[in-house]
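Top line first, the protein sequences correspond to chains B and U.
Residue 122 in the UniProt record's numbering sits at position 122 of the first sequence, and the numbers go up by one each step.
Residue 93 in the UniProt record's numbering sits at position 93 of the second sequence, and the numbers go up by one each step.
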Amino acid sequence: MSNTKKRTYNKLVLAMLAFFITGFALAQFVGTGSSEISTDSSLFQRAIDGIGVFLSYTGFANVTPAHLIMIVVGLFFIFLAVNYDYEPLLLIPIGTGILIGNIPFVAGNQIGIYETGSVLNYLYFGVLKGVYPPIIFLGIGAMTDFSSLLSNPKLMLLGAAAQIGVFLTFFGAIYLGFSLQEAGAIGIIGGADGPTAIFLSSKLANGLNGSQNLIGPIAIAAYSYMALVPVIQPPIMRLLTTKKERVIKMKPPRAVSKREKLIFPIAGLLLTTFISPSALPLLGMLFFGNILKESGHTERLAETARTKLIDIITILLGVTVGASTQADVFLTFDSMKIFGLGAISFVIATMGGLLFAKFMNLFLKGDNKINPLIGAAGVSAVPDSARVVHIEGLKYDKTNYLLMHAMAPNVAGVIGSAVAAGILLSFLG
Amino acid sequence: MLFLNANLEEGFVILLVGMLIVFMALVLLFCFFTLLPKVLNLFVKKPKPAPKPTTSETSTKSYVSGEQMAAVSAAVYLFLEEAHDQENAIVTINSVAKNYSPWSSKIYVTHQFNNR
Numbered sequence: 001m002s003n004t005k006k007r008t009y010n011k012l013v014l015a016m017l018a019f020f021i022t023g024f025a026l027a028q029f030v031g032t033g034s035s036e037i038s039t040d041s042s043l044f045q046r047a048i049d050g051i052g053v054f055l056s057y058t059g060f061a062n063v064t065p066a067h068l069i070m071i072v073v074g075l076f077f078i079f080l081a082v083n084y085d086y087e088p089l090l091l092i093p094i095g096t097g098i099l100i101g102n103i104p105f106v107a108g109n110q111i112g113i114y115e116t117g118s119v120l121n122y123l124y125f126g127v128l129k130g131v132y133p134p135i136i137f138l139g140i141g142a143m144t145d146f147s148s149l150l151s152n153p154k155l156m157l158l159g160a161a162a163q164i165g166v167f168l169t170f171f172g173a174i175y176l177g178f179s180l181q182e183a184g185a186i187g188i189i190g191g192a193d194g195p196t197a198i199f200l201s202s203k204l205a206n207g208l209n210g211s212q213n214l215i216g217p218i219a220i221a222a223y224s225y226m227a228l229v230p231v232i233q234p235p236i237m238r239l240l241t242t243k244k245e246r247v248i249k250m251k252p253p254r255a256v257s258k259r260e261k262l263i264f265p266i267a268g269l270l271l272t273t274f275i276s277p278s279a280l281p282l283l284g285m286l287f288f289g290n291i292l293k294e295s296g297h298t299e300r301l302a303e304t305a306r307t308k309l310i311d312i313i314t315i316l317l318g319v320t321v322g323a324s325t326q327a328d329v330f331l332t333f334d335s336m337k338i339f340g341l342g343a344i345s346f347v348i349a350t351m352g353g354l355l356f357a358k359f360m361n362l363f364l365k366g367d368n369k370i371n372p373l374i375g376a377a378g379v380s381a382v383p384d385s386a387r388v389v390h391i392e393g394l395k396y397d398k399t400n401y402l403l404m405h406a407m408a409p410n411v412a413g414v415i416g417s418a419v420a421a422g423i424l425l426s427f428l429g
Numbered sequence: 001m002l003f004l005n006a007n008l009e010e011g012f013v014i015l016l017v018g019m020l021i022v023f024m025a026l027v028l029l030f031c032f033f034t035l036l037p038k039v040l041n042l043f044v045k046k047p048k049p050a051p052k053p054t055t056s057e058t059s060t061k062s063y064v065s066g067e068q069m070a071a072v073s074a075a076v077y078l079f080l081e082e083a084h085d086q087e088n089a090i091v092t093i094n095s096v097a098k099n100y101s102p103w104s105s106k107i108y109v110t111h112q113f114n115n116r
């Protein structure tokens with residue numbers, strides 16, 4: 001940074017500090033008086049009282065350490081997105097939402113996200129009632145090419161194996177004292193699928209069915225760990241695979257016919273939702289989006305679903321989920337436990353996929369063998385975990401391109417986690 | 001299961017049943033899509049076998065070298081790149097009409113003298 005830039009930056013920081021310190025000082029010394037202006041005092045005194053009342057409504061007068069902690073968390077999310085490019089499409093709306101949700105205010109003026117009738121509360125309806133996640137799934141369906149999965153269907157099993165993270169975390173959450181419903185919602189963090197996590201927590205842990213409202217912590221944990229996939233997964237991959245396994249070259253995927261591509265969403269929809277009807281909102285929309293894409297006659301609808309529609313919903317979902325982390329609701333010991341369980345579930349899910357890939361290799365011969373690294377992509381987190389697998393593979397063999405192969409368990413993971421969510425919902429809903 | 005309390009016991013059952021159902025759903029998809037190409041191939045009309053070459057030279061003639069392939073690919077690429085977009089060939093002519101405006105009217109910027 002040049003000296004001029006440094007000086008400007010320092011001036012800006014000093015100006016902001018001065019602003020906040022003045023605000024705090026004024027709020028403490030002037031704004032702490034009564035919140036009403038006395039009518040029988042002098043004009044000057046009434047003006048001072050007026051300023052005092054105004055100051056008592058500002059954020060400076062109502063701020064608590066918890067608010068400041070959450071504001072730092074929001075800024076950290078934005079920093080991660082801007083500086084390291086970690087899931088910026090999610091972390092910037094969520095980070096900004098955290099800032100919005102944690103501006104201190106006086107309750108009762110229809111401002112906060114939990115206050116009935118506020119604008120944020122109306123937008124939050126889509127999260128609370130699970131409206132947004134299926135629309136996100138529609139967009140995902142319209143943008144996903146399932147050919148890699150169709151060319152090598154056995155890779156679907158990796159998407160199933162990684163769901164062990166969901167169920168073991170569910171079990172762990174019960175052990176830590178959460179109710180069955182809350183544990184089900186926490187477990188789905190292991191599915192590494194933000195919309196699925198929000199959908200299930202809005203049904204099981206929404207604060208309305210006798211459970212705590214855990215939508216905020218669960219969504220934040222799910223999206224944070226999804227953004228941290230490039231940090232979490234590689235060490236586990238190296239730990240559980242040998243160098244020889246990491247350089248296995250898989251045979252190129254076969255060409256998939258147009259007809260197969262169209263039959264996939266139709267058959268997938270019928271087969272999976274007949275088994276797990278509770279997952280219908282998610283799987284129905286996912287496969288519907290894919291039918292729009294593959295039918296070849298609804299390009300306009302597919303284009304809308306995978307661009308504008310998913311973008312609008314991502315904005316609304318991100319900002320409202322972020323805003324739902326209001327300090328008094330979010331900063332609890334249970335939230336810390338959820339973050340811990342979320343990390344463990346990601347690790348278990350990755351391990352499940354990797355170990356199952358190694359297990360499958362025991363029965364596969366010659367060029368049918370699979371590179372166990374792609375098992376890690378079974379955790380969903382589309383397409384980040386597939387990209388991480390690809391990069392990890394290239395580190396050991398510059399000519400081994402695993403991206404297409406890793407996309408297969410990756411999209412199978414989406415289907416698997418939605419089925420798992422449906423199962424948990426049918427048992428606990 | 002004596003060592004587990006009621007919630008853990010129920011959780012354990014859900015764990016087992018849940019994993020089983022997830023695997024079942026994806027195994028079902030796996031089986032379906034492993035068989036699908038074979039089933040679809042049954043309905044695909046197989047092309048008639050080409051007549052047998054009459055001379056032994058044909059086998060050498062059908063060989064296409066890498067250079068030839070590259071040349072053909074480059075030609076196809078160039079052709080496709082140069083191909084012009086389809087246009088509707090309608091040229092729209094917008095009529096240019098100047099509406100009267102007093103702002104630039106010459107009559108208002110010249111001095112008016114009384115010629116009486």
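Ideal Cβ positions, reconstructed from N, Cα and C, are used throughout, including at glycine.
**Asked** If you follow the alpha helix (DSSP H) that B:R46 is part of, which residue opens it and which one closes it?
**Response** Counting from one through the first sequence, the residue named residue 46 of chain B turns up at place 46. That run of the alpha helix (DSSP H) goes L43 to Y57.
**Between the CA atoms of B:F264 and B:K258 - distance to the nearest angstrom** = If you number the first sequence from 1, residue 258 of chain B lands on position 258. If you number the first sequence from 1, residue 264 of chain B lands on position 264. Distance between the alpha carbons of B:K258 and B:F264 is about 10 Å.
**Prompt:** What residues in its chain sit with their C-beta under 8 Å from that of B:M285, if we drop five residues either side in the sequence?
**Reply:** As a first step, residue 285 of chain B is located in the first sequence; it is residue number 285 there, counting from the start. P134, I135, F137, L138 and G141, listed in sequence order.
**Request:** Tell whether a beta-carbon distance below 8 Å holds between B:S345 and B:I189.
**Result:** Against the first sequence, residue 345 of chain B aligns to sequence position 345. Against the first sequence, residue 189 of chain B aligns to sequence position 189. It is a contact, given that the beta carbons lie within the stated cut-off.
**Prompt:** So is U:N7 in contact with chain B if we call contact Cβ pairs under 8 Å?
**Reply:** The count along the second sequence starts at 1 and reaches residue 7 of chain U at position 7. It does; some Cβ of chain B falls within 8 Å.
**Request:** Give me the Cα-Cα distance between B:G97 and B:V73, rounded to the nearest whole angstrom.
**Result:** Numbered from its first residue, the first sequence carries residue 97 of chain B at position 97. Numbered from its first residue, the first sequence carries residue 73 of chain B at position 73. One C-alpha to the other measures close to 11 Å.
**Message:** Just to make sure I have the definition right: I need the residues of chain B whose C-beta is within less than 7 Å of the C-beta of U:M24. Which are they?
**Reply:** Numbered from its first residue, the second sequence carries residue 24 of chain U at position 24. Neighbours of U:M24 on chain B, chain order: I275.
**Message:** For B:V256, which residues in the same chain have their Cβ closer than 6 Å to its Cβ, ignoring the five residues on either side in sequence?
**Reply:** Translated into the one-based positions of the first sequence, residue 256 of chain B becomes position 256. Same-chain partners within the cutoff: S147, L150 and S151.
**Asked** Using a C-beta cutoff of 8 Å, does U:P37 count as contacting chain B?
**Response** Within the second sequence, the letter at position 37 stands for residue 37 of chain U. With respect to chain B, the C-beta atom of U:P37 has a partner C-beta closer than 8 Å.
**Asked** If you count every other CB in all the chains shown that lies within 10 Å of the CB of B:M360, and 16 or more means buried, which is it?
**Response** Mapped onto the first sequence, residue 360 of chain B falls at position 360. B:M360 comes out buried.
**Asked** What are the start and end residues of the alpha helix (DSSP H) that includes B:L425?
**Response** In the first sequence, the residue the question calls residue 425 of chain B occupies position 425. Counting along the chain, the alpha helix (DSSP H) containing B:L425 begins and ends at L403 to L428.
**Request:** Select from B:A420, B:F79, B:N371 and B:F333 the residue whose C-alpha is nearest the C-alpha of B:K251.
**Result:** Numbered from 1 along the first sequence, position 251 holds the residue referred to as residue 251 of chain B. The candidate whose alpha carbon is nearest that of B:K251 is B:N371.
**Prompt:** Could you give the residue range of the alpha helix (DSSP H) that holds B:V106?
**Reply:** Within the first sequence, the letter at position 106 stands for residue 106 of chain B. Here B:V106 belongs to no alpha helix (DSSP H), and DSSP marks it neither H nor E.
**Prompt:** Any idea what DSSP makes of B:N152, helix, strand or coil?
**Reply:** In the first sequence, residue 152 of chain B corresponds to position 152, counting from 1. Looking at B:N152 - three-state DSSP - the assignment turns out to be coil, as it is neither helix nor strand.
**Prompt:** From which residue to which residue does the alpha helix (DSSP H) around B:Q233 run?
**Reply:** As a first step, residue 233 of chain B is located in the first sequence; it is residue number 233 there, counting from the start. V229 to L240 is the extent of the alpha helix (DSSP H) around B:Q233.
**Prompt:** Is the stretch 275-293 of chain B touching the stretch 412-422 of chain B, taking contact as three or more C-beta pairs under 8 Å?
**Reply:** With a cut-off of 8 Å on Cβ pairs, the stretch 275-293 of chain B is in contact with the stretch 412-422 of chain B, counting three or more such pairs.
**Request:** Check the Cβ-Cβ distances between U:V76 and every residue of chain B, and say whether any is below 8 Å.
**Result:** As a first step, residue 76 of chain U must be located in the second sequence, where it is residue number 76. Not an interface residue.
**Prompt:** Would DSSP call residue 432 of chain B helix, strand or coil?
**Reply:** As shown, chain B starts at 1 and ends at 429. That puts residue 432 of chain B outside it, with no answer to give.
**Request:** Can you pull the chain U residues whose beta carbon is under 8 Å from the beta carbon of B:I164, in chain order?
**Result:** Within the first sequence, residue 164 of chain B is the residue found at index 164, counting from 1. The contacting residues are M19.
**Prompt:** Excluding sequence positions up to five away, which residues of its chain have a Cβ less than 7 Å from the Cβ of B:I291?
**Reply:** Looking up residue 291 of chain B in the first sequence gives position 291. P265 and I266, listed in sequence order.
**Request:** Just list the alpha helix (DSSP H) runs in the stretch 59-115 of chain B, keeping only unbroken ones of 4 residues or longer that don't cross its boundaries, in chain order.
**Result:** 59-62, 65-84 and 88-101, all fully within the stretch 59-115 of chain B.
**Min CB distance B:S257 to chain U below 8 Å** = Position 257 of the first sequence, counting from 1, holds the residue named residue 257 of chain B. It does; some Cβ of chain U falls within 8 Å.
**Prompt:** Within the chosen definition, does the stretch 64-84 of chain B reach the stretch 115-128 of chain B through at least 3 CB pairs nearer than 8 Å?
**Reply:** Three or more beta-carbon pairs separated by less than 8 Å are not found between the stretch 64-84 of chain B and the stretch 115-128 of chain B, which leaves the two stretches without contact.
**Continuous alpha helix (DSSP H) stretch holding B:N121: start and end** = Residue 121 of chain B sits at position 121 when you count from the first residue of the first sequence. Run containing B:N121: V119 to L128, per the alpha helix (DSSP H) assignment.
**Prompt:** Does the beta-carbon of B:G366 have 16 or more other beta-carbons within 10 angstroms, so that it is buried, or is it exposed?
**Reply:** Translated into the one-based positions of the first sequence, residue 366 of chain B becomes position 366. Under this definition B:G366 is an exposed residue.
**Item:** Selection of the stretch 267-295 of chain B by Cβ proximity to chain U, strictly under 7 Å
**Value:** Within the stretch 267-295 of chain B, the residues whose Cβ lies closer than 7 Å to some Cβ of chain U are A267, G268, L271, T272, I275 and S276, listed in chain order.
**Request:** Taking all protein chains shown into account, decide if U:M1 is buried (16 or more other Cβ within 10 angstroms of its Cβ) or exposed.
**Result:** On the second sequence, position 1 is the one that residue 1 of chain U refers to. Reliability of the predicted coordinates at U:M1 is poor, the pLDDT of 49 falling under 50, and no value is obtained from them.
**Request:** Express the C-alpha separation of B:G289 and B:A408 in angstroms, rounding to a whole number.
**Result:** The residue given as residue 408 of chain B occupies position 408 in the first sequence. The residue given as residue 289 of chain B occupies position 289 in the first sequence. Cα-Cα distance, rounded: 18 Å.
**Request:** Since I believe B:D145 is in contact with B:S417 (beta carbons under 8 Å), could you give me their beta-carbon distance rounded to a whole number of angstroms?
**Result:** Along the first sequence, one-based indexing puts residue 417 of chain B at 417. Along the first sequence, one-based indexing puts residue 145 of chain B at 145. So it is not a contact: roughly 19 Å between Cβ atoms.
**Prompt:** Do you know offhand how far B:A81's Cα is from U:V76's?
**Reply:** Position 81 of the first sequence, counted from the start, is the residue given in the question as residue 81 of chain B. Position 76 of the second sequence, counted from the start, is the residue given in the question as residue 76 of chain U. Spanning the two alpha carbons is a distance of roughly 42 Å.
**Message:** Taking the beta carbon of B:G165 as the centre, do at least 16 other beta carbons fall within 10 Å, making it buried, or is it exposed?
**Reply:** Stepping through the first sequence from its first residue, residue 165 of chain B is reached at position 165. Using a 10 angstroms sphere on the CB of B:G165, the tally of other CB atoms reaches 16 or more, which defines it as buried.
**Asked** Considering only residues of the same chain and omitting the five flanking positions on each side of B:I103, which have a CB-CB separation below 6 Å?
**Response** In the first sequence, residue 103 of chain B corresponds to position 103, counting from 1. Cβ neighbours of B:I103 beyond the five flanking positions: G59.
**Prompt:** Name the chain B residues whose beta carbon is nearer than 9 Å to that of U:L42?
**Reply:** Counted from its first residue, the second sequence places residue 42 of chain U at position 42. Chain B residues near U:L42: none, gap ~13 Å exceeds 9 Å.
**Item:** Short Cβ contact (8 Å threshold) for B:K129 with B:S202
**Value:** Along the first sequence, read from residue 1 onward, the residue named residue 129 of chain B stands at position 129. Along the first sequence, read from residue 1 onward, the residue named residue 202 of chain B stands at position 202. Yes, they are a contact pair.
**Message:** Tell me which residues of the stretch 139-165 of chain B have at least one Cβ-Cβ distance to chain U shorter than 7 Å, keeping chain order.
**Reply:** L150, P153, K154, M156, L157, G159, A160, Q163 and I164
**Request:** Determine the chain B residues that contact U:T110 at a beta-carbon separation under 8 Å, and present them in chain order.
**Result:** As a position in the second sequence, residue 110 of chain U is number 110, starting the count at 1. Correct list: empty, because the minimum Cβ distance to chain B is about 55 Å.
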